[in-house]
Structure formats: structure tokens, C-alpha cells
Amino acid sequence: MAERRRLLRNLPIREKLRAIILIISGVSVVGACAVFVAYQWITSRDDQARRLETMANIVGDQSTAALEFEQEPQAAAILASLRAERQIVAAAVYARDGRIFARFLREGAEADRVAAKPGSEGLTFDGGDLLIFRPLFSGKERIGTIHLRADMSAAWHRLWVNLATVAIVLLAAAVAVLYLTSRLGKIISEPIARLSAVVQSVSTQRDYSIRVEGGGLDELGRLIDGFNDMLLQVEQRSGELAKARDELELRVQERTRDLEQEVAERKAAEKQLQEKDTRLTEAHEIAQLGSWEWHPATNKVTWSDEVYRMTGVLPNQFKSNLPETVMVNHPDDRQAIQDALETSRAKREPFSTDTRIIRPDGSIRHLHVQGKPVLDDAGHVVRLVGTVQDITERKRADQAILALNAELRSRMEELAAVNKELEGFSYSVSHDLRAPLRAIGGYARMLIEDFAEKVDGEGRRYLNVIQDNTRKMGQLIDDLLEFSRLGRKALLTSPLDFEDLVSQVRAEMKTAHPDRELEWRVGPLPPAQGDPAMFKVVLANLISNSVKYSRGRTPAVIEIGARADANETVYFVRDNGVGFDMQYANKLFGVFQRLHPAQEFEGTGVGLALVQRIVQRHGGRVWAEGKVGAGATVSFALPRRAAGS
Amino acid sequence: MTGRQGPRTWRRLAPAALLLALVAAAPQEPAKKLPEYVVKAGFLYNFAKYVEWPADAFEKPETPISIGVVGADPFGQELDKTLKDKTAQDRRFVIQRYRDAAALQRCHILFIPKSEKARVPEILKKLEEWPTLTVGEEETFAKAGGAVNILIEKERPRLEVNPEVAEKAKLTISAKLLKLATIVKSEK
């Protein structure tokens, strides 16, 4: 069936049309004829049956009396009257006991057409014949049966004639349809065939310039016009399309380039983000910074991994609610942390507090907890978020520092006491040394003065050495006393005029060394604040050193200057003397520390120590720069604030 | 017609035809020879169906049809057997037996046997005023003024009807019966 349908589908339209018309006309003709024939057959059969019944009634009624009175000839005569009815072949009347009472048989019919015994009541078909058996009644009493047999061949004949007519009509109609479709079908199928041919060539050759030749004004014509129009549009469109495709390709290339760039940028950004994230996680880990969240509505608490690490609580053992969270804390701190959270929520303010927790292993840790409420648009607190930081180590360090500070303070007090004692001791020692020294020196002088002729030349030279050394030792003790006094002496603070101080010292130098050729280069010296006597000592020491170590230079150049910056003012004294090796620079300022032997350059080794002491007491600092054989520069700096105040 | 049915029909009908042949071979006519008075008793019953009596012939709707036999009764028990539980025109039957003409009474059908041949005129005379269907069995009965005569010829029953007499007795005899019978007129 499906095969057949496919076959029909693949037929050309012309054949299809023909088949459709054939089928429709065939079905309608056959149907109409079938209905007509069936109707005729049924009506003629019913008609026959009714007629046979009527005949049986009439003949039966007529033959009742003959049967009752056993008048066979009369009965036979009555039955013989049926000869006029051509379709009746045989008839019979049966008596009460079923025997044939009278009968009629048409000439030429066989004897067996008459049933030997009455059959079942009513109408029956026997081959081409219609049979009827009807009971005969006299009053209510059944007295016999009447039987008629009708030949239906006439009806059959009519039926066959009708069927033959139908067949002929059908054949004629089919021929007519075939002829008409072959003629009229062209009207439809030809334009379609033309259209189809063009469609085929368009689809195989892709030539959109072909056109289908004119159609009429019917649907097909419009179809052809529409198709032509479509071809025209396709032709135009394909041109536009090619152009658009080229443009598109160009744009795709551009876009691809853009995209590639974008992708690269995005990848870079992603990498950066990842790095940042990693760094943040690392930072969190390093900082031991955990984060938490509390939803008051559900009482649910969320911890970050770091918090679990800090508290030592296993994630699967934490019930993620506030009471559990509070319980983690030290019993003494539970109320405080609970209050901090509740207050922050109620007042919508951030909070920050320290608390202690007890880890499952019993160890106590100090945590710094910070938090702030997160509000919705309506200003209600949705949740609290915050951080936790393990500050146990910091707390320990703080405590250690405090302990260290306390120790340091006591040590310093101790040191100060020792220092004071030491100064007192050194003063008293220096002071006490002076008396025996003066005695040695006095007695040495008396020997020279009073016993000069009793002592030979050698002896006198010895006495002079003793006297020299006692004078040196006296000087040494004086310096030492001066130095130790400086540690105890209160500072007198007044404006310092360095230029005046320098000119005083210059005058003294000129007097002390009248034979020396000295070249002075003194720059402008800004004033400062301090003890003028002490700074006179400072300048006298520095300048006398320069004069001393530049001995042998002609001329000896001594430069005194200053420079100021935001914090301090630096003063310096420079010479073109013997200089020193910078690796001993820090030794210069020690007491009794000397770089040159006393035979070469006289001195006690206290001067620079004294300078440093004074400058330091004024909040400043001292340093020296130099080079062997290329002169030295000693500078001291005073804080400007101290100088100004 | 039979030709179109062809031998197939024949084959189908062969056993039936054989049976038919056997039946036909048996003594067919008359299949059962009925005794004469059984037939005549049946005829008396049948007459009641084909004859209409005047309205005044019955006193009441349920009045039975009375069938009389005058003189020596030739039926024996046959008439009683035939009419037992039978009805005609919605009426039952009663049988009256009369010794002689003098004993006659009103009845609807009166059978006059051959034995009463000599007294037929007397009997008919007696019945003149009554609507009685007279039934005889003697050659001249109808011509002598009997209404219906049953004759047996060549062992076959034959009927004679004298419509004149019936009319006089105010009886209406059915056309069907008249068709079967030989019409006879009275001879004087």
C-alpha cells in the first residue's frame, strides 16, 4: 500500500491528474451504479416477495373450502389459475396430514419443483427461486398448507442487464476521461512541466538569469510570475550576499583579532586575579586571619577554614549556631563576646574585641575579633560579618617587651648610679692626686733652685724631667677634672654667638703661637642655643687641634664654617694638617685615645672626648673625616629646635 | 432456469430426490381412505362454517349450534368425536337425535340418512318454518327439496346445493361453498 502511494507520488503531475480524475469518476460511477443496482435488486426482490405472499393468501383463501370439502378438482383448478402469473413455476396445497392435496406444475418444469411435504413457513430462496409456505386456516383451525414457487430469473436477468449497462457506462466514462485529461490536463501540466524544467536547470546550473516563459492569469500563471520574480530577487540577493560575505569575512577577521586580544587580556587579568586570590589566601594564612558570618534571623554562624584551624574545632563537629560559637570561648569571656555581638547588632555599629578561647586540647589562645553589621535597604540588620585574628603570639611578645623594658629601666637606674659613683670617684681621685704631685713638683723646683751647685749637669737634667712630668700630670688631672665636672655641671642655656666665640679663640691662638703663619677662612656661622662657656671649650679644643696638627704647613689653612638644613645646623673646623686614617675615626673621641705619639704632637687625649661630651649634652652629635697627610675635618651638629628654643 | 442451476444443484438435491421417489412409489391416492361417515361428520361440521343463519335462529350469543340426526343414526360415535370441543362462528355444538319426524324439534342442521328416504317429504314439511339446513345423502334429496346433499361417487365426495331451498329457510350459503357444489333446482 505504501509502495503504491509512493509510486503515485512520483508520477508526473499529468499522470497524477489523470489518475485522480479516473479514480474519482470511476468511484462515483461505480458507487452510483452499485447503489442503483442494489436498490433495484432489493426493491424488485421485496416486490416479488410481497406479490408472492399476496398470491399465496388469495389462492390459499380460495382453496380452503375445496380442501375442507375434499374437492380436489376444484383445488387443482384454483391452482391452475396461477398459470397467468408467469413467474410461478409450481404450486401445491397440502392437507392437514401433509399429503399433497392438489398441485400445479408449469409446463416444462420438472416434477420435483413441487415440494413433497410442506416446508418451513415463510419465504425462502432456493437457488434462483423464491419459495413460500403458508398455513391454511378454517376459522382458528389449521387445515393445511399452501405452497408457491416463483422463478426469480427475470429479476436476475434484469440485474445482469443493469450490471452490464454499468460496465459499459464505466468503460465509456474511463475512455472519455482519458481523452479529456490528455487534452485538458495539458492546460495545467504543461506550465508546470515548463516551470519544473526551469527549476531543474536553475538548481543544477545555479543560473538565476533563466526565466520561465509566460503563464496565464490563473494560479499557475501567478506561480510562474512569482517564481520569475523570486529568481530576479535571488539574482540580486546573491550579488549582495557575495558582497556582504566579503565584508563579513573582513569583520570576522577584525573581530577575531579583537577577540584574541581580549582573550589574552582576560587571561592576564584572570592570572592576576588568581595570583591576588592566592596571595590573599596566603596573607590570610600568614596573618592567621579568619572570617565569620552570623545571621541573627536563623542564628546560623558560618566560619572560614582559618577559624576552624584557630579554634581546633572540626567542621563536622561544629553545629554552626551562635550558642556553639560562644561556647568555644573561655568561660570568663563568653558573656563579653555575646554582649559585643548583640550590641553591634542592636546599635548597628562595628565592634572590635579581644577574647580567649579554649581549644579542644585545652590550650588557650587569644583572638582578636572584629565585626560589623550588614544592613538591607530598609536598614534592618541582615547579618554580621567580621574577622578573627590569632593574637596569642603578639600578646606573648607584648608581655615579653614589657618585662624587658622593666628590666632595662632598672639596669639604667643601676648604670646611672654606677656612673655617678664613678664620676665622684674619678673626681676625688683626680683631686687627691693633685696634693702629692704638687709636693713632688715643689720639691723638684726647690732642689734646682737651692741645690744647683751641689748637683752636676746630669742631675739637673733629671730634676728638670721630673718637674716637666709633674707639670704634664697636673695638666692631665686638670683636664680629667674638667671632663668629669662637665658630666655633673648644669647647663646654662643662652644664645650662642659662634662668630664672637671664634674670634676670641683666634686671638688666643695668635698670642699662643706668634711665630706661626696661619691663614683663617671663617664663613658665616648661624647662632644657636647652648652654654657659651662650654662651646668656648669646644671651639678652643677644635681650633687648637687644627693649629697643632697643621704645624709644618706654610701656610696652615684653618677653615671654619657652617651649613643648615631643616633639622640641624652643622658646624665644622677644617685644616690642611697631617690628617688621620679613617679606620680609627671612632677612636678619636675616646678619653686618652690618641693617634699620634706625645713626642710628635703634645696633648692629653681628653680634648675631643670633652667636645663630644658637650655636644651630646646639647642633643647633638660629633664626627670626624680625614685622610692621612691630607688634613682633617671635625664637625658637630646641633638640632635646630634646641638651637631655636 | 434449471439449466443455469446446473448439475451442482442436482447433486445437492440428489438425496431429497431419492426420498421423493420413494414417497412417490408408495400408494399415494388416497393416502388414507377415511370411512364414509367420518367424512360426512366432518362435512356437517364444515357446513356450520359456510352457512349463515338469521339472527333469530339463536336465542343468546352463547346458544350452541344444534345438529340433529333423524331416524336410525348411521354415525355411531363418529359425529360426537368430530364435534367434541369444536366451535364454529364462536358457537359450540350440540347433537340432537330424533326417533322420527314426529319427534323433530328446532335445530340448525338436520342430517337425514338414506334410511329415511321414504319420509323425506314429511320431514321437510315439518321443517318448513324453521331456519334449518337440511343435509341428505340420497340421490334425489336436493331435487326433492333438501338444501345440501352429500354424494359419494367413485369414492370421492360430491356436493349438491339447492340455493332456492336455503333461501327459503333464510339461510345464506357462502359463495365458496356454492363454487364447490353442483347447483340443483327443485323438481315437482
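One line per chain: the protein sequences are A and B, in this order.
Under the working numbering, the first residue of the first sequence carries the number 1, and numbering increases by one thereafter.
Under the working numbering, the first residue of the second sequence carries the number 646, and numbering increases by one thereafter.
The beta-carbon is built from N, C-alpha and C at its ideal position, and this holds for glycine as well.
Chain-ordered chain A contacts of residue i [CB-CB under 8 Å]
i: Phe703 (chain B); result: The contacting residues do not exist; Phe703 (chain B) stays about 17 Å from chain A at best.
i: Tyr695 (chain B); result: Ala65
Interface residues of chain A facing residue i [CB-CB closer than 7 Å]
i: Ala811 (chain B); result: Those within 7 Å of Ala811 (chain B) in chain A number zero; the least Cβ separation is about 16 Å.
i: Ala733 (chain B); result: Gly139
i: Leu822 (chain B); result: Ala65
i: Leu825 (chain B); result: Ala65, Ala66, Phe69, Gln71 and Gln74
Beta bridge counterpart(s) of residue i as assigned by DSSP
i: Gln741 (chain B); result: B:Gly713
i: Thr779 (chain B); result: B:Leu755
i: Gln529 (chain A); result: A:Pro495
i: Asn321 (chain A); result: A:Lys300
i: Val93 (chain A); result: A:Ala102 and A:Ile146
i: Ser352 (chain A); result: A:Gln370
i: His295 (chain A); result: A:Lys300
i: Ser635 (chain A); result: A:Phe572 and A:Trp623
i: Val388 (chain A); result: A:Gly290 and A:Val369
i: Pro706 (chain B); result: In DSSP, Pro706 (chain B) forms no bridge with anything.
i: Gly561 (chain A); result: A:Phe572
i: Ile78 (chain A); result: Note: Ile78 (chain A) sits in no beta bridge, so no partner.
i: Glu141 (chain A); result: A:Ser138
Sequence-distant residues of the same chain with beta carbon closer than 6 Å to residue i, five excluded per side
i: Ser819 (chain B); result: Tyr695
i: Arg103 (chain A); result: Ala92 and Val114
i: Ala585 (chain A); result: Ala624
i: Val44 (chain A); result: It should be pointed out that residue 44 (chain A) corresponds to Ser in this sequence rather than to Val. Same-chain partners within the cutoff: Ala155.
i: Thr633 (chain A); result: Phe572, Arg574 and Glu625
i: Leu588 (chain A); result: Leu608 and Ala624
Interface residues of chain A facing residue i [CB-CB closer than 9 Å]
i: Phe756 (chain B); result: Those do not exist, as Phe756 (chain B) stays about 16 Å from chain A at its closest Cβ, beyond 9 Å.
i: Phe688 (chain B); result: Glu68, Phe69 and Glu70
i: Asn587 (chain B); result: Outside the shown range of chain B (646 to 833) lies residue 587 (chain B), about which nothing can therefore be said.
From the options, residue whose alpha carbon lies closest to that of residue i
i: Ala637 (chain A); options: A:Phe601, A:Ile614, A:His295 and A:Leu314; result: A:Ile614
i: Gln87 (chain A); options: A:Ile100, A:Ala95, A:Leu105 and A:Gly98; result: A:Leu105
i: Phe601 (chain A); options: A:Lys420, A:Arg621, A:Gly577 and A:Phe589; result: A:Gly577
i: Gly221 (chain A); options: A:Ala632, A:Ile192, A:Leu518 and A:Val634; result: A:Ile192
i: Thr785 (chain B); options: B:Glu832, B:Ile710, B:Pro699 and B:Leu679; result: B:Glu832
i: His284 (chain A); options: A:Leu273, A:Glu306, A:Val263 and A:Asn299; result: A:Glu306
i: Ile224 (chain A); options: A:Ala111, A:Ile440, A:Ala197 and A:Glu249; result: A:Ala197
i: Arg348 (chain A); options: A:Glu72, A:Lys372, A:Asp497 and A:Ile543; result: A:Lys372
i: Ser138 (chain A); options: A:Leu123, A:Glu68 and A:Ala176; result: A:Glu68
i: Trp775 (chain B); options: B:Leu689, B:Val684, B:Ala702 and B:Leu796; result: B:Ala702
i: Tyr743 (chain B); options: B:Lys726, B:Lys731, B:Val715 and B:Pro766; result: B:Val715
i: Val570 (chain A); options: A:Pro526, A:Gly590, A:Asp531 and A:His596; result: A:Pro526
i: Ile768 (chain B); options: B:Pro719, B:Ile712, B:Ala747 and B:Leu796; result: B:Ala747
i: Lys770 (chain B); options: B:Pro719, B:Leu804 and B:Val810; result: B:Val810
i: Leu163 (chain A); options: A:Thr554, A:Gln40, A:Arg551 and A:Gln583; result: A:Gln40
i: Ala566 (chain A); options: A:Gln599, A:Pro639, A:Leu501 and A:Ser544; result: A:Pro639
8 Å Cβ shell around residue i - same chain, five flanking residues per side excluded
i: Leu17 (chain A); result: Thr181, Gly185, Ile188 and Ser189
i: Asn57 (chain A); result: Arg134
i: Ala173 (chain A); result: Ser25, Gly26 and Val29
i: Leu11 (chain A); result: Ala19
i: Glu519 (chain A); result: Pro555, Ala556, Val557 and Ile558
Own chain partners of residue i with C-beta closer than 7 Å, once the 5 adjacent residues on each side are dropped
i: Glu213 (chain A); result: Arg194
i: Asp479 (chain A); result: Thr604 and Val606
i: Val382 (chain A); result: Val374, Leu375 and Asp376
i: Ala444 (chain A); result: Leu463, Ile466, Gln467 and Thr470
i: Asp333 (chain A); result: Thr355 and Arg356
i: Gln593 (chain A); result: Lys587 and Gly605
Any C-beta of chain E under 9 Å from that of residue i
i: Ser819 (chain B); result: Reference to chain E is not applicable here, since the protein chains of this structure are A and B.
Q | Short-range partners of chain B found in the segment 62-96 of chain A, where Cβ spacing is below 8 Å | A | Residues Gln62, Thr64, Ala65, Ala66, Glu68, Phe69, Glu70, Gln71, Glu72, Gln74 and Val89.
**Q.** Near-chain B residues of the segment 136-159 of chain A (beta-carbon distance less than 7 Å), N- to C-terminal order
**A.** Ser138, Gly139, Asp151 and Ser153
Q: Check each residue of the segment 774-805 of chain B: if its Cβ is closer than 7 Å to any Cβ of chain A, include it; give the result in chain order.
A: Residues of the segment 774-805 of chain B with a C-beta less than 7 Å from any C-beta of chain A: Pro802 and Leu804, listed in chain order.
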